[in-house]
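Enquirer: My questions will all concern the structure given below.
Residue numbers (the numbering used here), protein chains in the order written: chain A, 9 to 583; chain B, 56 to 479.
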């Protein structure tokens, strides 16, 4: 089933086409239908169709959908995978592709000792050198030298990093027109998903590849550009008709995902961004559902509010006597853990919420695990610490992080480790400091627990958990109940973002992405005080429009018990 | 014959007494007269460490407290109650998940044959969820998938659905359970062999379902404090080791002599009714009234007995050939409380309780086996009360809609009259 604009998007097969697909308008469905239409109606051979995606995950999902619908053989892959394939075929077969970890190792060998603490920032500076100003504290002259040495080191290793894959491909086509022509002949229809996220070299690659047949279809939502800090060009969709003046334009504006009142708030928010492409979304879902705003005097009150809401949605989960109170006379169906997402701007906020959920026994899944935790030496030291839990008698009067530093040093002295491995192990110490207030054994348990959650991405057995996600990683997902925390000035929008119009627009898009995840209820939270400093409600709240929200209010008894707890905590601090 | 309590909690479970450590467990098992007691909570890392340090394996799969940890608690020690206590490794998990479009909440007891197997279970569950924040971990996992995972670790692990009729958190629970074991465990159902009746049901209620004939019924305390150990229990007639117990549960149900039970009417949700209107109804009456109060038209809160009657295919009072023995008990402190006409937690109750134990023996012995004349020597009215309880001569007013039921051994004023008789 396709609506009118979806149909147009599917059947406009020849020539350049830009599809603006707003949140929840059935983008993937339309893309897959378009591929099906090419194969079934136009009898295009599947291998002549190329579908490019921004992430491996998106490519996997698209391939999965295509196989399900019995359209296998279509090429759905990322830009990097495509570039690697072409390079191996036409350039040379034996080059290596460096992952983040290897890139860091190469860079580690180049940097001066005092620069090593900025290793990650420098690396991202190198990757994005064509797109943005460097963020590290190094002088431009020094950066140039590092870049030169880094490139030389890659060359010596016969290796390319991710950016290198793209630029090398463009170079190869530049040098040898014949190869470009052969590549152009590979595909007769090209689709690019999430076109708002592509960067300069990626745009050049598709333009060159589609140059002959010009059957290029790009899909995206400029209001969901949230990766310009990674080199994405927010104007890529707007500029498309400039490069292809004859292109067809389709806008998918019928939203099937969000309840009308939630979509209205989200649309009013994004309406404050300048220079938008017009794309007024229309809510077709006949669903009840509101934006609730929760004001808290502190982060702990906010967390109590979250726990209260969870109880309402999930029912009781631990003690039978609460079950009696909560579940007995209830007609509404309960949700499962995975139906709920809590979204936040920074990982630190997420970790604090995770700690609260853990205390109450709720299962949860933290997003965006860093590759750091999967390093061999990091896993090794964690395993060592894990064994110590039961063997060691724990000293008193020493801070957990200091104790851990000692243990790491001891462990290092027993084996052979490279300098970089030792540094990585020591990078655990700052994580340990978060637990310094606890006795060492308790701290160790909690610390290892956290570490394991970080690593835990590929469970064989899937179990249902509450989703804790950064706003960035929530993109493309949807949840019946979505909660967004931290709507304060200085947090969302972030401090620096508030002063720069472009960064501010991106923060607004980020919140827009978060809001449009909710298929049933959306809860927004802000605190009037954080870490004993007063905070102010995010300007975005006003932009969403207070008239589009209902003001959340906890039952009197709950409020009283929260305040009692707060007072008790404050009193404890006095002693 | 030995008395077993296969389902308890440690101090690491939510809302549990701080006294629930191994020395206290042993001391109270002696006072209660339990021969084999569950460790509970074996998934919790600190508790698992305690099990390692404080227990030693005596016979296959059963453990004794190491001598240096004995009598460490503050519980009284009476020669009359002394006995050899064994521990068995078990834990409870709480599963919350969606199946066939409904959220299910199911509690399951896991029995494990040895500490090495427990370590493997903990490793596997640790990957799936958080086992470090609660002695009874909450997992978003399907019951069947958990069973599969356990059987893959060891075929000697036994899963027992816990307190199967509790409205929340059980396989047959009215609010978030299933209508049959098969609906819950599908093709793995044959691996389920025993069901825990829980405080909210007695074997007679379960006998009304022919689908349950193939299971052996067990009873446990699910205790959250040492004093509640063994409030319900299972009597085994086999060797006191893991393989024999497993054999009794799986193959030779006659090795389960029977269960020690509460009167289920005492539960807060046994009958149907409305608390506001002091209206108590039987399942039949509720159906006749179309689930609405005849007075106000309000929706009636249905109880456990109603849920049983919906799944039952036999009349009340039916007893299948497979039925095992049942001993109904009232906790001794409650009996004393009624006799003395004071609350069960009062000091006078405690004094008489320990006096009875010291003179006669463990609580189960007093309730179940001790000659009435022997009890009468310590306290004649308590002896009279226990005699009535053993004969089933009990006044029961079923609980409903959150109102506790009332189980009494004497008519109102009967005790006063007796006292006056004495005076005359």
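Beta carbons: idealized from backbone N, C-alpha and C, even for Gly.
Predicted model only: the values in this text are computed from it and were never measured.
What is the rounded straight-line gap between the Cα of residue 275(B) and the Cα of residue 521(A)?
Expert: Indexing the second chain from 1 puts residue 275(B) at position 220. Indexing the first chain from 1 puts residue 521(A) at position 513. Answer to the nearest angstrom: the Cα atoms are 51 angstroms apart.
Enquirer: Could you tell me whether the segment 436-452 of chain A touches the segment 420-428 of chain A, using the rule of 3 or more Cβ pairs below 8 angstroms?
Expert: They do not touch, by the three-pair rule.
Enquirer: If you draw a straight line from the alpha carbon of residue 213(A) to that of residue 182(A), how long is it in whole angstroms?
Expert: Counted from its first residue, the first chain places residue 213(A) at position 205. Counted from its first residue, the first chain places residue 182(A) at position 174. If you take the alpha carbons of residue 213(A) and residue 182(A), they lie about 11 angstroms apart.
Enquirer: Compare the beta carbon distance of residue 165(B) and residue 106(B) with 8 angstroms and say whether it is the shorter of the two.
Expert: Within the second chain, the letter at position 110 stands for residue 165(B). Within the second chain, the letter at position 51 stands for residue 106(B). Going by C-beta atoms, residue 165(B) is not nearer than 8 angstroms to residue 106(B).
Enquirer: Of all the residues that make up the segment 342-353 of chain B, which are near chain A by a beta-carbon distance shorter than 8 angstroms?
Expert: Listed by position along the chain: nothing, the set is empty.
Enquirer: Between the alpha carbons of residue 349(B) and residue 366(B), how many angstroms are there, rounded?
Expert: Here residue 349(B) is taken as the residue at index 294 of the second chain, counted from 1. Here residue 366(B) is taken as the residue at index 311 of the second chain, counted from 1. Each residue's alpha carbon lies about 25 angstroms from the other.
Enquirer: Any beta carbon from chain B within less than 8 angstroms of residue 116(A)'s own beta carbon?
Expert: On the first chain, residue 116(A) is found 108 positions in, with the first residue counted as 1. No, no contact with chain B.
Enquirer: Which one of 412(A), 493(A), 526(A) has the shortest CA to CA distance from residue 296(A)?
Expert: In the first chain, residue 296(A) corresponds to position 288, counting from 1. Comparing Cα-Cα distances from residue 296(A) to each of 412(A), 493(A), 526(A), the minimum goes to 526(A).
Enquirer: For a test of the three-state rule: what should DSSP assign to residue 268(B), helix, strand or coil?
Expert: Here residue 268(B) is taken as the residue at index 213 of the second chain, counted from 1. Coil.
Enquirer: Could you tell me which uninterrupted beta strand (DSSP E) segments, each at least 3 residues in length, are contained entirely in the segment 518-553 of chain A, listed from first to last along the chain?
Expert: For the segment 518-553 of chain A, whole beta strand (DSSP E) runs of length 3 or above, ordered along the chain, are 526-535.
Enquirer: Can you tell me whether DSSP reads residue 196(A) as helix, strand or coil?
Expert: By one-based count along the first chain, residue 196(A) stands at place 188. Coil.
Enquirer: Sorted by chain position, which residues of the same chain lie with C-beta nearer than 6 angstroms to residue 407(A)'s C-beta, five sequence neighbours on each side aside?
Expert: Locating residue 407(A) in the first chain gives position 399, counting from the first residue. If we look at residue 407(A) and ignore the five residues flanking it on each side, its Cβ neighbours are 444.
Enquirer: In this structure, how does DSSP classify residue 324(B) when only helix, strand and coil are distinguished?
Expert: Within the second chain, the letter at position 269 stands for residue 324(B). If DSSP states are grouped into helix, strand and coil, residue 324(B) belongs with coil.
Enquirer: Ends of the beta strand (DSSP E) at residue 491(A)?
Expert: Residue 491(A) sits at position 483 when you count from the first residue of the first chain. Residue 491(A) -> beta strand (DSSP E) spans 487-492.
Enquirer: Using a C-beta cutoff of 8 angstroms, does residue 223(B) count as contacting chain C?
Expert: Included in the structure are the protein chains A and B, with no chain C among them.
Enquirer: Just the Cα atoms here: how many angstroms apart are residue 283(A) and residue 230(A)?
Expert: On the first chain, residue 283(A) is found 275 positions in, with the first residue counted as 1. On the first chain, residue 230(A) is found 222 positions in, with the first residue counted as 1. Residue 283(A) and residue 230(A): Cα-Cα distance of roughly 10 angstroms.
Enquirer: Just curious, the beta strand (DSSP E) that residue 350(A) is in, first and last residue?
Expert: As a working note, residue 350(A) is residue 342 in the first chain. Start and end: 348-352.
Enquirer: Tell me, please, whether the CB atom of residue 161(B) is closer than 8 angstroms to any CB atom in chain A?
Expert: Your numbering for residue 161(B) matches position 106 in the second chain. By this cut-off, residue 161(B) is not an interface position.
Enquirer: DSSP three-state call for residue 352(B): helix, strand or coil?
Expert: Along the second chain, read from residue 1 onward, the residue named residue 352(B) stands at position 297. Correct three-state label for residue 352(B): coil.
Enquirer: Using a C-beta to C-beta distance shorter than 7 angstroms, which residues of chain B count as neighbours of residue 359(A)?
Expert: Start at 1 with the first residue of the first chain, and residue 359(A) comes out as number 351. In chain order: nothing, as chain B lies at least about 14 angstroms away.
Enquirer: Could you tell me the distance, in whole angstroms, from the CA atom of residue 271(B) to the CA atom of residue 295(B)?
Expert: Looking up residue 271(B) in the second chain gives position 216. Looking up residue 295(B) in the second chain gives position 240. Taking the straight line from one Cα to the other gives about 18 angstroms.
Enquirer: What would DSSP say about residue 463(A), mapped onto helix, strand or coil?
Expert: Within the first chain, the letter at position 455 stands for residue 463(A). Note that residue 463(A) scores 45 on pLDDT, short of 50, meaning its location in the model is unreliable and no value can be drawn from it.
Enquirer: Quick check: what's the CA-CA separation for residue 345(B) versus residue 354(B)?
Expert: For this step, residue 345(B) is matched to residue 290 along the second chain. For this step, residue 354(B) is matched to residue 299 along the second chain. Using only the alpha carbons, I get a separation of about 9 angstroms.
Enquirer: Suppose contacts are defined by Cβ-Cβ distances below 8 angstroms. Is residue 118(A) in contact with residue 79(A) by that definition?
Expert: To locate residue 118(A), count along the first chain from 1; it is residue 110. To locate residue 79(A), count along the first chain from 1; it is residue 71. Contact: no.
Enquirer: Starting from residue 452(B), trace the beta strand (DSSP E) both ways and give me its first and last residue.
Expert: In the second chain, counting from the first residue as 1, residue 452(B) sits at position 397. Here the beta strand (DSSP E) through residue 452(B) covers 450-452.
Enquirer: In terms of residues, what are the limits of the beta strand (DSSP E) holding residue 557(A)?
Expert: Translated into positions along the first chain, residue 557(A) becomes position 549. Here the beta strand (DSSP E) through residue 557(A) covers 557-559.
Enquirer: Tell me where the alpha helix (DSSP H) around residue 313(B) begins and ends.
Expert: On the second chain, position 258 is the one that residue 313(B) refers to. Taken as a continuous stretch (DSSP letters only), residue 313(B) belongs to no alpha helix (DSSP H), being part of the beta strand (DSSP E) at 311-316.
Enquirer: Along the chain, where does the alpha helix (DSSP H) containing residue 248(A) start, and where does it finish?
Expert: Position 240 of the first chain holds residue 248(A). It spans 244-251 - the alpha helix (DSSP H) in which residue 248(A) sits, taken as one unbroken run.
Enquirer: Beta strand (DSSP E) containing residue 373(A): first to last residue?
Expert: In the first chain, residue 373(A) corresponds to position 365, counting from 1. 372-374 is the span of the beta strand (DSSP E), which, as asked, contains residue 373(A).
Enquirer: For the segment 321-338 of chain B, list every residue whose C-beta sits within 8 angstroms of some C-beta in chain A, in sequence order.
Expert: The segment 321-338 of chain B vs chain A, Cβ under 8 angstroms: 323, 324.
Enquirer: From the DSSP secondary-structure annotation, give me the bridge partner or partners of residue 382(B).
Expert: Here residue 382(B) is taken as the residue at index 327 of the second chain, counted from 1. Bridge partners of residue 382(B): 315(B).
Enquirer: Give me the residue from 194(B), 61(B), 405(B), 77(B) with the minimum Cα distance to residue 152(B).
Expert: Locating residue 152(B) in the second chain gives position 97, counting from the first residue. Ranking 194(B), 61(B), 405(B), 77(B) by Cα distance to residue 152(B) puts 194(B) first.
Enquirer: With a threshold of 8 angstroms between beta-carbons, can residue 464(A) be considered close to chain B, or not?
Expert: Position 456 of the first chain, counted from the start, is the residue given in the question as residue 464(A). With a pLDDT of 42 at residue 464(A), under the threshold of 50, the modelled position of that residue is not reliable, and the figure given next carries that caveat. So, interface residue.
Enquirer: How would you list, in chain order, the residues of chain B whose beta-carbon sits under 7 angstroms from the beta-carbon of residue 324(A)?
Expert: Locating residue 324(A) in the first chain gives position 316, counting from the first residue. Within 7 angstroms Cβ-Cβ: 223.
Enquirer: Measuring only the C-alpha atoms, how far is residue 586(A) from residue 19(A)?
Expert: The structure shown has nothing for residue 586(A), since chain A only spans 9 to 583.
Enquirer: Can you give me the Cβ contacts of residue 378(A) inside the same chain, cut-off strictly under 6 angstroms, excluding the 5 residues immediately before and after it?
Expert: By one-based count along the first chain, residue 378(A) stands at place 370. Legend: pLDDT at residue 378(A) = 43, less than 50; position of this residue unreliable, value from coordinates given subsequently. Closer than 6 angstroms at Cβ, skipping near neighbours: no residue.
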